[in-house]
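Take a look at the structure set out below.
Numbering (full-length UniProt numbering), first residue to last: 1 to 186.
This is the structure we're talking about:
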């Protein structure tokens, strides 16, 4: 198998940034996924500094289905809407984290019909390390005005437990024949 040259690699990379045109069906589908995300986020386990939520599944599905631009946009809009709907204090740092998460799912997993476990692993590890552990911990320390050291250990332990589960769920969804038939048939 011949290696890709720079021109071919750049075309593949740039094509990920071109958002697909949304039809009415797509807008309805995204709206339903946002509503589903809101509903399943109610099944979260929340403490002041740690949140375990199945809502990452919806962010991943939108990124996989519509790419990094729509993944980031929908994640950002959802974060803002859900914050106000739940009556919580809004903090823009968490919106930045949500946008980055949607973007990264789309960047790594969009238009990737033969997704490998390694793609999901790398994508989730980048999200966990850069967004969940570093950025979100920084936002929490700024928002609550507490030292980084007081919450980082608990957050790292949470990531060690949650990350393998998240990787397995995303990989199983991507390998599901029904998901590929219904979602990726565009």
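Positions of the beta carbon are idealized from the N, C-alpha and C atoms, including for glycine. These numbers were taken from a predicted model, which means no experiment stands behind them.
Relative to the C-alpha of residue i, which candidate in the options has its C-alpha closest?
i	options	result
residue 171	22, 77 and 112	112
residue 69	35, 109, 43 and 93	109
residue 124	72, 101 and 148	101
residue 143	73, 164 and 89	89
residue 75	36, 45, 153 and 87	36
residue 119	168, 145, 152 and 19	168
residue 122	154, 43, 104 and 114	104
residue 175	163, 29, 80 and 114	114
residue 77	45, 87 and 31	31
residue 45	177, 164 and 158	158
residue 99	80, 165 and 73	73
residue 97	39, 163 and 79	79
With which residues is residue i paired in a DSSP beta bridge?
i	result
residue 64	None, per the DSSP bridge assignment.
residue 156	None, per the DSSP bridge assignment.
residue 52	45
Within its chain, find whatever has a CB closer than 6 Å to the CB of residue i; leave out the 5 residues flanking it on each side and keep chain order.
i	result
residue 173	179
residue 141	148
residue 84	none
residue 135	97
What residue does the alpha helix (DSSP H) around residue i start on, and which one ends it?
i	result
residue 88	Segment: none, residue 88 is in no alpha helix (DSSP H) and carries neither H nor E.
residue 103	92-109
residue 112	Segment: none, residue 112 is in no alpha helix (DSSP H) and carries neither H nor E.
residue 132	Note, residue 132: premise wrong, no alpha helix (DSSP H); not H, not E.
residue 22	Counting along the chain, residue 22 falls outside any alpha helix (DSSP H), and DSSP gives it neither H nor E.
residue 122	117-126
Enumerate in chain order the residues of its own chain whose CB-to-CB distance from residue i is below 7 Å, with the five nearest sequence positions on each side excluded.
i	result
residue 33	58, 61 and 62
residue 41	53, 55 and 82
residue 18	none
residue 126	104
residue 160	none
residue 166	56 and 124
Kindly list the residues whose CB is nearer than 8 Å to the CB of residue i, restricted to its own chain and excluding five residues on each side of it in sequence; keep chain order.
i	result
residue 191	One cannot answer for residue 191 here, as it falls past the ends of the chain, which runs 1 to 186.
residue 20	26, 66, 67, 70 and 186
residue 1	For residue 1, the predicted structure reports a pLDDT of 43, less than 50, and the residue's modelled location is therefore unreliable. A value from the coordinates is still provided. Excluding residues within five positions, none has a Cβ falling inside 8 Å.
Exercise for review: Could you say if the segment 76-95 and the segment 110-130 meet the contact criterion of at least three C-beta pairs nearer than 8 Å?
Suggested key: A contact between stretches requires three or more CB pairs, one per stretch, nearer than 8 Å, and the segment 76-95 fails this requirement with the segment 110-130.
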